[in-house]
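Peer 1:
In my numbering, the protein residues as written are 12 to 218.
#1: Can you give the Cα-Cα distance for residue 118 and residue 147, rounded to whole angstroms?
#2: Going by beta-carbon coordinates alone, are residue 83 and residue 215 separated by less than 9 angstroms?
#3: If I follow the unbroken beta strand (DSSP E) through residue 213, where does it start and stop?
#4: Start and end of the alpha helix (DSSP H) containing residue 42?
#5: Leaving out five residues on either side along the sequence, give the residues of the same chain with a beta carbon under 6 angstroms from the beta carbon of residue 72.
#6: Verify whether the separation of the beta carbon atoms of residue 204 and residue 161 is less than 9 angstroms.
#7: Using a Cβ-Cβ cutoff of less than 7 angstroms, which residues in the same chain neighbour residue 56 once the five nearest sequence positions on both sides are dropped?
#8: Looking at the structure shown, is residue 61 part of a helix, part of a strand, or coil, going by DSSP?
#9: From residue 89 to residue 22, what does the alpha carbon distance come to, in whole angstroms?
#10: Report yes if the C-beta distance between residue 66 and residue 217 is below 9 angstroms; otherwise report no.
#11: Count the other CB atoms within 10 Å of the CB of residue 36; is the residue buried (16 or more) or exposed (fewer)?
#12: Are residue 126 and residue 209 close, meaning C-beta to C-beta below 9 angstroms?
#13: May I ask you to list the residues that DSSP assigns as paired with residue 201?
#14: Excluding the five sequence neighbours on either side, which residues of its own chain have a C-beta within less than 6 angstroms of the C-beta of residue 167, listed in chain order?
#15: So, for residue 113: in the same chain, excluding its five sequence neighbours on each side, which residues have a beta-carbon less than 8 angstroms away from its beta-carbon?
#16: Among the candidates 48, 170, 122 and 13, whose CA atom is the shortest distance from the CA of residue 202?
#17: Could you spell out the range, first to last residue, of the beta strand (DSSP E) harbouring residue 191?
#18: Straight-line CA distance for residue 211 to residue 59?
#19: So, under 8 angstroms CB-CB, residue 14 and residue 52 are touching, yes? Tell me the CB distance rounded to an integer number of Å.
#20: Please report the Cβ distance between residue 87 and residue 70, rounded to the nearest whole angstrom; I am assuming they are in contact, meaning their Cβ atoms lie under 8 angstroms.
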């Protein structure tokens with residue numbers, strides 16, 4: 012089953028409609044109240060991904076379900092420019108905004124770093140942002156010539172757990188994963204980027 016597609020905006024429009032679709036999906040799958048709440052929380056976390064961007068930026072959100080295996084998809088075109096990337100990376104590195112923290116904050120860092128070619132003014136921040144987040148990632152080529160980038164939370168976790176004990180930020184990353192709502196609830200998170208087209212998928216099995 013694939014739900015209707017809801018447009019969700021960074022400014023907040025579409026949020027409630029998207030959460031209603033998540034609740035309907037929970038009912039369709041026959042989830043109990045606890046599992047339905049978890050699905051709603053995961054949908055909220057995914058919607059929050061685009062909140063720091065300009066209000067008119069929007070993404071398409073939908074859910075796919077088979078038995079009690081659910082995927083929450085968010086697909087958006089994020090036309091990154093130097094100012095936007097600099098702002099996102101600055102917020103992230105300062106840690107002064109809640110949106111910069113946690114796994115979803117790391118995914119924003121990844122998007123900001125990947126969707127714009129290196130520029131001297133932001134390259135240092137981009138390199139710093141990629142740090143550990145580069146674990147679990149792959150780079151390739153799209154048939155149209157655009158570079159592709161993929162990342163998964165499962166690969167990221169494996170990279171941290173198997174990495175050298177001297178790896179910079181390793182313990183902090185582990186602590187961050189333990190505190191993260193989405194990391195504890197989701198089975199995996201996958202990110203695929205082709206040019207400025209970004210798709211983030213949260214996977215969760217309630218079986």
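Built from N, CA and C at the ideal position, the CB exists for glycine as well. Here the structure is a predicted model, which means the values were calculated and not measured.
Peer 2: So, from the data block:
#1: Locating residue 118 in the chain shown gives position 107, counting from the first residue. Locating residue 147 in the chain shown gives position 136, counting from the first residue. Near 12 angstroms, if we compare the C-alpha coordinates of residue 147 and residue 118.
#2: As a working mapping, residue 83 is identified with position 72 in the chain shown. As a working mapping, residue 215 is identified with position 204 in the chain shown. Yes.
#3: Locating residue 213 in the chain shown gives position 202, where the first residue counts as 1. Per DSSP, residue 213 belongs to the beta strand (DSSP E) from 208-216.
#4: By one-based count along the chain shown, residue 42 stands at place 31. Looking at the DSSP string, residue 42 is not in any alpha helix (DSSP H), and its letter there is neither H nor E.
#5: Position 61 of the chain shown, counted from the start, is the residue given in the question as residue 72. Around residue 72: 17, 19, 29 and 85.
#6: Reading the chain shown from its first residue, position 193 is the one you call residue 204. Reading the chain shown from its first residue, position 150 is the one you call residue 161. It is a contact, given that the beta carbons lie within the stated cut-off.
#7: Translated into the one-based positions of the chain shown, residue 56 becomes position 45. The answer, listed in chain order, is 115, 192 and 193.
#8: If you number the chain shown from 1, residue 61 lands on position 50. Of the three classes helix, strand and coil, the one that applies to residue 61 here is coil, per DSSP.
#9: If you number the chain shown from 1, residue 89 lands on position 78. If you number the chain shown from 1, residue 22 lands on position 11. Going from the Cα of residue 89 to the Cα of residue 22 covers about 15 angstroms.
#10: In the chain shown, the residue the question calls residue 66 occupies position 55. In the chain shown, the residue the question calls residue 217 occupies position 206. Cβ distance not < 9 angstroms, so residue 66 and residue 217 don't count as in contact.
#11: Taking the chain shown and counting its residues from 1, one reaches residue 36 at position 25. Buried is the call here.
#12: Translated into positions along the chain shown, residue 126 becomes position 115. Translated into positions along the chain shown, residue 209 becomes position 198. Result yes, Cβ atoms of residue 126 and residue 209 sit closer than 9 angstroms.
#13: Counting from one through the chain shown, the residue named residue 201 turns up at place 190. The partner list for residue 201 (beta bridge, DSSP) reads 163 and 212.
#14: Counting from one through the chain shown, the residue named residue 167 turns up at place 156. Closer than 6 angstroms at the Cβ level, and outside the excluded window around residue 167, lie 146 and 147.
#15: Position 102 of the chain shown, counting from 1, holds the residue named residue 113. Within the same chain, residue 113 has close Cβ partners 187, 190, 191, 192, 193 and 194.
#16: To locate residue 202, count along the chain shown from 1; it is residue 191. When each option's Cα is compared against that of residue 202, the closest is 122.
#17: Translated into positions along the chain shown, residue 191 becomes position 180. Unbroken run through residue 191: none, as it is neither H nor E.
#18: The residue labelled residue 211 in the question sits at position 200 within the chain shown. The residue labelled residue 59 in the question sits at position 48 within the chain shown. The alpha-carbon atoms of residue 211 and residue 59 are separated by roughly 12 angstroms.
#19: As a first step, residue 14 must be located in the chain shown, where it is residue number 3. As a first step, residue 52 must be located in the chain shown, where it is residue number 41. 17 angstroms between Cβ atoms; not a contact.
#20: Taking the first residue of the chain shown as 1, we reach residue 87 at position 76. Taking the first residue of the chain shown as 1, we reach residue 70 at position 59. Correct: roughly 3 angstroms between the Cβ atoms.
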